[in-house]
Amino acid sequence: MMARLAFGLSMAIEFDCYLVDEITGVGDARFQQRCEAIFAKRRTNADLIVVSHSMETIKTFCNRGIVLVDGRMLYYDNIENAIEMYYKINR
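Counting in the working numbering, the sequence shown tops out at residue 91, every number present.
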């Protein structure tokens, strides 16, 4: 419930950039749908930085990616390439 409350409070304020850490993974399906809807609306005027191990979440919200490998950041202009690298190093 704390994560849901924190999410609700953060959506009450319009920011230029939102840092999102696995928030869409909490709550029931209805809450997750609400998260996706509000983020879709916010993305029209703001950026999102999303941290997640869910590739479906990444595909939904991101078009570029960074994969951390041994303390190094690997940047990808294409999210599919970032996801491919993520799977490669996590298998």
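Glycine included, C-beta positions come from ideal geometry on N, C-alpha and C.
Since the model is a prediction, treat every value here as computed from it, not as a measurement.
Rounded distance between the beta-carbons of residue j and residue i, thought under 8 angstroms
i, j, result
"ARG91", "ILE79", "Rounded, the Cβ-Cβ distance is 19 angstroms, inconsistent with contact."
Range covered by the beta strand (DSSP E) that runs through residue i
i, result
"GLY65", "65-69"
"CYS17", "17-21"
"ILE49", "47-51"
Buried or exposed (CB count within 10 angstroms, at least 16 for buried), residue i
i, result
"PHE15", "exposed"
"TYR86", "buried"
"CYS17", "exposed"
"ALA40", "exposed"
"ALA37", "exposed"
For residue j and residue i, the rounded distance between their alpha carbons
i, j, result
"GLN33", "THR57", "12 angstroms"
"ILE49", "PHE61", "9 angstroms"
"VAL51", "GLU22", "6 angstroms"
"SER54", "ALA29", "15 angstroms"
"GLU84", "LEU5", "34 angstroms"
"ASP70", "ALA82", "15 angstroms"
"VAL67", "LEU9", "29 angstroms"
Helix, strand or coil at residue i according to DSSP, with G and I counted as helix
i, result
"MET73", "strand"
"THR60", "helix"
"ASN81", "helix"
"SER54", "coil"
"ARG30", "helix"
"MET1", "coil"
"ILE13", "coil"
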